[in-house]
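Asker: There's a structure below that I have some questions on.
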Amino acid sequence: MSQNHEATSLRDSLCGSVSVANVGRRLTVCGWVAKRREHGEHLAFLDLRDHSGILQAVVEGSVDVRSEYVVRITGTVSHRPEGTVNERLATGEVELTECSVEILAAAEPPPFQLDERIDVDEQVRLRHRFLDLRRDTMQRNLRLRAAVNRSLRKAMDLQGFCEVETPLLWAPTPEGAREFVVPSRLHPGEFYVLPQSPQIAKQLLMVGGFDRYYQIARCLRDEDLRADRQFEFTQLDLEASFVTQDDILGFVSEAVLDAAEAATGARPGPIGSMTWAQALDLYGTDKPDLRFAMVLQDLSAVFAATQVKAFGATTVKALRVPGGATFTRSRLDQLTDQAKSLGAKGLAWFRITSEGLDSPLARFLNEAEATAIASVDGAEVGDLVLIVADEYALACKVLGTLRVTLGSPPVSEGPHHYVWVTEFPMFEGVDEDGNLMAAHHPFTMPHPDDYDLIETDPLSVRSQAYDLVLNGWELGSGSVRIHRADIQSRIFKALGISDEEAESRFGFLLGAFKFGAPPHAGFAFGIDRLVAIFAGEENIREVIAFPKTQSGADLMTGAPKSITERQIRDLRLKMAPKGS
RNA sequence: GGACCUGUGGUGCAGCUCGGAGUGCACGCCGCCCUGUCAAGGCGGAGGUCGCGGGUUCAAAUCCCGUCAGGUCCGCCA
54 MSQNHEATSL
64 RDSLCGSVSV
74 ANVGRRLTVC
84 GWVAKRREHG
94 EHLAFLDLRD
104 HSGILQAVVE
114 GSVDVRSEYV
124 VRITGTVSHR
134 PEGTVNERLA
144 TGEVELTECS
154 VEILAAAEPP
164 PFQLDERIDV
174 DEQVRLRHRF
184 LDLRRDTMQR
194 NLRLRAAVNR
204 SLRKAMDLQG
214 FCEVETPLLW
224 APTPEGAREF
234 VVPSRLHPGE
244 FYVLPQSPQI
254 AKQLLMVGGF
264 DRYYQIARCL
274 RDEDLRADRQ
284 FEFTQLDLEA
294 SFVTQDDILG
304 FVSEAVLDAA
314 EAATGARPGP
324 IGSMTWAQAL
334 DLYGTDKPDL
344 RFAMVLQDLS
354 AVFAATQVKA
364 FGATTVKALR
374 VPGGATFTRS
384 RLDQLTDQAK
394 SLGAKGLAWF
404 RITSEGLDSP
414 LARFLNEAEA
424 TAIASVDGAE
434 VGDLVLIVAD
444 EYALACKVLG
454 TLRVTLGSPP
464 VSEGPHHYVW
474 VTEFPMFEGV
484 DEDGNLMAAH
494 HPFTMPHPDD
504 YDLIETDPLS
514 VRSQAYDLVL
524 NGWELGSGSV
534 RIHRADIQSR
544 IFKALGISDE
554 EAESRFGFLL
564 GAFKFGAPPH
574 AGFAFGIDRL
584 VAIFAGEENI
594 REVIAFPKTQ
604 SGADLMTGAP
614 KSITERQIRD
624 LRLKMAPKGS
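Per this note's numbering, residue 54 is the first one in the first sequence, and the count goes up by one each step.
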């Protein structure tokens with residue numbers, strides 16, 4: 054029994070830490086009644102639960118407590134009688150005897166059982182999250198999260214970073230994610246926004262001379278929710294001056310690997326890297342899951358002059374599915390539907406059999422084409438080869454998604470496979486006004502070899518932006534920032550942002566840069582996602598104490614809710630009629 | 001904005017294809033019995049707007065339409 058921080062004025066020890074070492078001692082524990090087993094009016098067993106575990110108390114005579122009553126029990130730690138040891142309980146060798154039971158709070162029966170025997174509907178759990186939190190899984194997940202936070206802070210401190218808090222009430226800088234808006238009472242008609250990230254604040258900290266900043270920061274984005282996305286999420290945010298990209302990768306690797314060690318007990322090896330172009334080409338995504346092989350193969354050259362109409366496209370990409378030849382027609386139809394929903398015109402499939410290719414398209418292939426398909430990614434008899442012919446990016450995306458659908462192990466399984474993805478493109482696509490869009494953000498430094506292409510061939514300009522990927526989840530991203538006014542103005546120009554617009558949107562940042570901006574770079578990664586993977590959870594809600602549903606509702610508090618007339622008046626707000 | 005899945009006593013399920021009385025299982029809850037249980041056991045009992053609304057039908061948990069809630073995904077997430 055470790056003492057000190059367990060003991061309080063009301064208790065001496067935690068339930069889970071009582072052991073044979075304490076036999077003979079009289080001590081007091083507090084907790085919830087997990088289970089009561091009565092044997093008439095002479096004997097009852099109470100399982101007392103706190104976050105550390107369960108301890109059995111033996112009560113002579115009957116006792117008027119029910120499940121989830123909060124009680125304080127004083128008793129003598131005793132060996133259990135021979136033959137009554139419970140091997141499945143950590144404290145199963147001992148029990149409390151000669152107990153006196155004090156009821157601290159009565160409790161109604163809980164709306165769902167708090168033992169872990171059945172999966173309770175998430176709607177029910179969220180409505181009574183405070184009870185769900187009492188359960189072992191949530192206790193484990195949130196305490197794991199605390200351990201990760203602790204190790205991240207320690208790693209950043211040891212690397213000389215200074216923790217600085219930045220405002221939650223920030224200025225609107227419309228761009229990128231939709232912002233949550235907060236009306237100002239003192240300035241009617243004007244608004245704050247909640248930060249999508251502390252991006253601009255941390256760059257100002259660099260100008261301010263905090264050359265190594267970090268923060269465990271809450272970020273808020275008013276975008277649709279997903280299994281790995283909540284309105285509000287937490288990032289380890291950092292920025293450093295007088296550094297290169299490699300310095301940042303080093304800082305972050307150190308922190309993440311420390312956290313991994315704290316969470317899993319084993320420190321992963323060094324984190325490898327690949328370029329964005331390689332990731333897209335081989336895995337069809339910028340967040341490759343490297344836990345399994347299955348790389349995409351480009352057959353464009355083979356099909357350059359093909360007679361097969363379906364393959365008349367700039368890019369022909371193939372994916373080998375080991376053992377996939379047994380897929381039923383309906384399974385193949387399912388995959389085709391998935392490909393179409395991702396934008397593909399269709400999905401070609403080829404079963405590799407001992408008699409050759411089995412496919413509706415097989416008879417249209419010439420020999421070179423058939424040979425190429427039959428040998429995709431080292432294919433063997435019994436495999437399936439899927440082919441998408443389309444524009445390059447789409448073909449990659451479709452097959453990359455199918456690759457994950459067909460090959461990805463559950464989150465709770467497999468090794469943890471980290472990878473840096475570097476050299477992201479500077480720009481991607483154009484907006485409705487025909488202007489280029491920044492792939493990362495407009496303060497990202499282009500790759501030094503590509504400066505000359507900014508005006509001539511912007512879409513091929515690489516940036517000094519990088520992502521950290523774990524098991525196919527994007528943990529976070531960062532970049533070297535632009536600190537030179539000349540480069541910044543060329544980028545703004547390429548993005549179609551006028552001097553006036555730049556001034557009105559980011560004026561305070563650009564203004565600050567005039568007073569001596571150090572070269573700087575940074576990163577931010579999602580702690581929710583990192584902890585979810587450590588915890589083996591498919592969903593970040595499982596590592597968040599009070600999460601929102603997919604529609605953004607909090608089932609416990611009922612948020613979002615209407616506010617009072619008084620509040621509306623104070624804020625000088627006016628509601629538009631419903632449906633307008 | 002769109003696609004798909006789910007919704008049945010407090011909880012988890014079955015019933016739905018092929019319409020026929022709210023039928024069943026497990027847990028929990030309430031009462032009684034029980035002196036070594038630990039998924040305690042035995043006996044008895046209570047508990048239902050089959051998410052909601054409409055339609056078809058002699059008859060709807062079941063079929064059809066709509067809607068709400070939850071989930072997964074697409075769009076969205078600089």
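Note that the Cβ used here is the ideal one computed from N, Cα and C, for glycine as well.
At what residues does the alpha helix (DSSP H) containing L142 begin and finish?
Answerer: No alpha helix (DSSP H) holds L142; DSSP gives it neither H nor E.
Asker: To which residues of the same chain is P462 closer than 8 Å at the C-beta, ignoring the five residues directly before and after it?
Answerer: So the list reads R344 and F345, once near-sequence residues are dropped.
Asker: Using DSSP with H/G/I as helix, E/B as strand and the rest coil, what is I426?
Answerer: Looking at I426 - three-state DSSP - the assignment turns out to be helix.
Asker: Is the Cβ-Cβ distance between Q192 and H58 less than 8 Å?
Answerer: Cβ distance not < 8 Å, so Q192 and H58 don't count as in contact.
Asker: Taking buried to mean at least 16 other C-beta atoms within 10 Å of its own C-beta, is Y519 buried or exposed?
Answerer: By the 10 Å Cβ count, Y519 comes out buried.
Asker: Would you give the residue range spanned by the beta strand (DSSP E) that T127 belongs to?
Answerer: Taken as a continuous stretch (DSSP letters only), the beta strand (DSSP E) holding T127 covers V123 to H132.
Asker: Alpha carbons only, please: which of G549, L452, Q391 and L149 is nearest the one belonging to V348?
Answerer: The candidate whose alpha carbon is nearest that of V348 is L452.
Asker: By a C-beta neighbour count over all protein chains shown, 10 Å radius and 16 as the cutoff for buried, is L295 buried or exposed?
Answerer: The residue you asked about is not Leu; residue 295 is Phe in the sequence shown. Looking at its Cβ environment, which holds fewer than 16 other Cβ atoms inside 10 Å, F295 is exposed.
Asker: Select from E135, C449 and C68 the residue whose C-alpha is nearest the C-alpha of A110.
Answerer: Minimum Cα distance to A110 is reached at C68.
Asker: Alpha carbons only, please: which of V138, A270 and E113 is nearest the one belonging to G128?
Answerer: Ranking the options by Cα distance to G128, first place goes to E113.
Asker: Compute the Euclidean distance between the alpha carbons of V201 and Q603, then round it to the nearest angstrom.
Answerer: V201 and Q603: Cα-Cα distance of roughly 26 Å.
Asker: Looking at the secondary structure, which residues open and close the alpha helix (DSSP H) in which D552 lies?
Answerer: Its alpha helix (DSSP H) spans residues D552 to F566.
Asker: Looking at the structure shown, is S306 part of a helix, part of a strand, or coil, going by DSSP?
Answerer: It is helical.
Asker: Just verifying my parser: in three-state terms, what is the DSSP assignment at F417?
Answerer: F417 falls in the helix class under three-state DSSP.
Asker: Kindly indicate which three-state DSSP category Q517 falls into: helix, strand or coil?
Answerer: DSSP places Q517 in coil when its eight states are reduced to three.
Asker: Check whether the Cβ atoms of E146 and V138 lie closer than 8 Å to each other.
Answerer: Contact flag set, yes.
Asker: What residue range does the alpha helix (DSSP H) around I507 cover?
Answerer: First-last of the alpha helix (DSSP H) with I507: L506 to T509.
Asker: What do you reckon, are the CB atoms on V234 and V217 nearer than 8 Å?
Answerer: In this structure, V217 does not lie closer than 8 Å to V234 by Cβ.
Asker: I need the DSSP call for H469, collapsed to helix, strand or coil.
Answerer: Reduced to three states, the DSSP call for H469 is coil.
Asker: Alpha carbon to alpha carbon, how far is T359 from N419?
Answerer: Distance between the alpha carbons of T359 and N419 is about 8 Å.
Asker: Please state if the CB of A371 and the CB of I301 are separated by a distance shorter than 8 Å.
Answerer: Contact flag unset, no.
Asker: Which of the three DSSP states is assigned to S204 in this structure?
Answerer: Of the three classes helix, strand and coil, the one that applies to S204 here is helix, per DSSP.
Asker: Which term fits D386, buried or exposed, when burial requires 16 or more other beta carbons within 10 angstroms of its beta carbon?
Answerer: Answer is exposed; the Cβ neighbour count stays below 16.
Asker: Give the DSSP-derived three-state secondary structure of R64 in the structure shown.
Answerer: If DSSP states are grouped into helix, strand and coil, R64 belongs with coil.
Asker: Please determine, among T287, E276 and G262, the residue with the shortest C-alpha to C-alpha distance to Q268.
Answerer: Of the candidates T287, E276 and G262, the one whose C-alpha sits nearest the C-alpha of Q268 is T287.
Asker: Go through its chain and collect everything with a Cβ distance to R543's Cβ below 6 Å, but skip five positions before and after it.
Answerer: Within the same chain, R543 has close Cβ partners I507.
Asker: Under DSSP, the beta strand (DSSP E) around E292 begins and ends at which residues?
Answerer: Residues E285 to S294.
Asker: Where does the unbroken alpha helix (DSSP H) through A105 begin, and where does it stop?
Answerer: Sequence inspection shows Ser at residue 105; the Ala mentioned does not correspond to that position. Here S105 belongs to no alpha helix (DSSP H), and DSSP marks it neither H nor E.
Asker: With three or more beta-carbon pairs closer than 8 Å as the criterion, would you say the segment 311 to 330 touches the segment 439 to 449?
Answerer: With a cut-off of 8 Å, the segment 439 to 449 and the segment 311 to 330 do not count as touching, because too few Cβ pairs lie within range.
Asker: Take D484 and list the residues in its own chain whose beta-carbon comes closer than 7 Å to its own, dropping the five residues that flank it on each side.
Answerer: Taken in chain order, the residues that qualify are M490.
Asker: Determine the extent of the alpha helix (DSSP H) in which A448 is found, giving its start and end residues.
Answerer: Looking at the DSSP string, the run of the alpha helix (DSSP H) that includes A448 is Y445 to G460.
Asker: I need the DSSP call for L211, collapsed to helix, strand or coil.
Answerer: Of the three classes helix, strand and coil, the one that applies to L211 here is helix, per DSSP.
Asker: Please classify S542: does DSSP put it in a helix, a strand, or coil?
Answerer: In the structure shown, S542 sits in a helix (DSSP, three-state: H, G or I).
Asker: By alpha-carbon positions, which one of T509, E554, T497 and R558 ends up nearest to S532?
Answerer: Ranking the options by Cα distance to S532, first place goes to T497.
Asker: Taking Cβ positions, are E91 and S120 nearer each other than 8 Å?
Answerer: Going by C-beta atoms, E91 is not nearer than 8 Å to S120.
Asker: Spatial neighbours of V305 within its chain, please: C-beta separation below 6 Å, excluding the five flanking residues on both sides.
Answerer: Contacts found: F576.
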